[in-house]
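A.B. asks: Before anything else, here's the structure in question.
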Amino acid sequence: MIGKQLGNRYEILEQLGGGGMAIVYKGRDTFLNRLVTIKMLRPEFSSDQDFTRRFRREAQAVASLSHPHIVSIYDVGQEEGVQYLVMEYVDGEDLKTLIRREGALDAERAVQIALQVLEALEHAHENNIVHRDIKPHNILLTKSGRAKLTDFGIAREATAATVTQTDTIVGSVHYLSPEQARGEVAGPKSDIYSLGVVLYEMLTGTVPFAGDSPISVAIKHIQEEPEPPSRRNPAIPPALEQVVLRALAKNPGQRFASAREMAIHLEDIFRGNAEEATRFIPVDEMATRVIKPAGQSWKRARG
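Heads up, the sequence shown is in our numbering, so the first residue is 53 and it goes up one at a time.
Now the structure itself:
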């Protein structure tokens, strides 16, 4: 595929990676002379007409999102029967690579990343789009430190029935919400749960649930309570631990009401107000609170 041109416009430069559903390439838009990321579905998925219809419809929906913490979708097309997406190219690495290299992140850095992802989720949820596949692999970090959310669960619903079918789902099972593991439809609070897993992993270097098989991990999401992250990393502030554990509640009704509410609680922690960070926030207050750009509260709290 290297050197091939798609749609008489996108030149494939090199392979960046791949999973069970797609292969990802670095490419160049020859019309605009800019680098892009190209995701090509594997042939077995491109030949499924129902799947490709959902793929194109949901790609168009995600393409309508415009946010500094969401990777933009530029185009969707088909070449020799194979579906592909053209997306913004991010020069950096994914969060999983960072965690593998450095282990547990300090609380400040972890929360800065989480706040940026929450901004992205708030925008997506306001536009009735659920990500459905929040995990460190899908959080890209630019060289300047900006987090950008990518790979919305386009045409894919991760459920207990599919956790063994593709490498993509196997890689996602550690971040599945209990309702997804039960085969139910994912909603905004499913994204909050999955981000809770990511925040847990950033703070401890490990995911809350592990097992010998994808099914065993999915069952733990449904049945077992997570070990408090402070047992794995005693440096985690108690108020921050409470935010993580609330995001990981089995019952969606016990999680944060929205990405915005979770962000407000994280902001309160780094204003140095632990009591505020654990209180119930009325809906009218959530509507009027302004979330500061990630990092500002840290500077204020630390002087």
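Where is the CB? At the ideal position from N, CA and C, for every residue including glycine. None of these values were measured; they are calculated from a predicted model.
(1) If you drop the 5 nearest sequence neighbours on each side, which residues of the same chain put their C-beta closer than 8 Å to that of E66?
(2) Taking C-beta to C-beta, are V199 and H119 nearer than 8 Å?
(3) Please say whether H175 and G205 have beta carbons closer to each other than 8 Å?
(4) Rounded to whole angstroms, what is the Cα-Cα separation between R86 and N60?
(5) Ignoring anything shorter than 4 residues or poking outside the region 140 to 187, list the alpha helix (DSSP H) runs there in chain order.
(6) Could you please give me the residues that DSSP links to Y77 through a beta bridge?
(7) Per DSSP, what kind of secondary structure is A287 in: helix, strand or coil?
(8) Relative to the C-alpha of L137, which candidate in P260, S242, R109, L251 has its C-alpha closest?
(9) Examine chain D for any beta-carbon lying closer than 8 Å to the beta-carbon of S196, and answer yes or no.
(10) To which residues of the same chain is I75 closer than 6 Å at the C-beta, ignoring the five residues directly before and after it?
(11) Looking at the unbroken beta strand (DSSP E) that takes in D356, where does it start and where does it end?
(12) Helix, strand or coil, according to DSSP, for I321 in the structure here?
(13) Does the distance from the C-beta atom of F308 to that of M314 stay below 8 Å?
(14) Please classify L157 as buried or exposed, where buried requires at least 16 other C-beta atoms within 10 Å of its C-beta.
(15) For the alpha helix (DSSP H) holding K241, just list the boundary residues, first then last.
(16) Hey, quick one: how far does the beta strand (DSSP E) through A199 stretch, first residue to last?
(17) Give me the residue from D143, S98, A262, S246 with the minimum Cα distance to P304.
(18) Starting from I191 and walking both ways along the beta strand (DSSP E), at which residues does that stretch end?
(19) Under 8 Å, do F261 and V269 count as touching if we go by C-beta distance?
(20) Grouping DSSP H, G and I as helix and E and B as strand, with all else coil, what is L58?
(21) Go ahead and label D219 buried or exposed: buried means 16 or more other beta carbons lie within 10 angstroms of its beta carbon, across all protein chains shown.
(22) What are the partner residues of Y227, as DSSP defines its beta bridges?
(23) Suppose you measure from the CA of I64 to the CA of G263; what does that come to, to the nearest Å?
(24) Is it true that the CB of A233 sits closer than 8 Å to the CB of I274?
(25) Rank F97, S124, V259, S224 by C-alpha distance to the C-alpha of T202 and give the top, closest one.
(26) Comparing C-alpha positions only, which one of G257, T194, I271 sits nearest to V225?
(27) Let me make sure I understand the geometry here. Which of S242, P280, Q168 has the alpha-carbon closest to that of E253?
(28) Just list the residues that DSSP pairs Q135 with in beta bridges.
C.D. replies: If we stick to the structure as given:
(1) I54, Y77, K78
(2) The question names Val, but residue 199 is Ala in the sequence shown. Not a contact, by the Cβ cut-off of 8 Å.
(3) no
(4) For R86 and N60, the distance between alpha carbons rounds to 15 Å.
(5) 147 to 154, 159 to 178
(6) Q67, I90
(7) coil
(8) Each of P260, S242, R109, L251 was checked against the Cα of L137, and the nearest Cα belongs to R109.
(9) Looking for chain D here will not work: only one protein chain is present.
(10) M92
(11) Shown here, the chain extends from 53 to 355; a query on residue 356 therefore has no answer.
(12) The answer is helix: DSSP assigns I321 an H, G or I state.
(13) yes
(14) buried
(15) That run of the alpha helix (DSSP H) goes 240 to 256.
(16) Start and end: 199 to 201.
(17) S246
(18) 191 to 194
(19) yes
(20) strand
(21) Residue placement at D219 is flagged as unreliable, the pLDDT there being 39, under the threshold of 50; the coordinate-derived value follows with that caveat. Exposed, by the Cβ-count rule.
(22) For Y227, which the question treats as bridged, DSSP gives no partner whatsoever.
(23) 38 Å
(24) In this structure, I274 places its C-beta atom within 8 Å of the C-beta atom of A233.
(25) Of F97, S124, V259, S224, the residue nearest in Cα terms is S124.
(26) I271
(27) P280
(28) Q130
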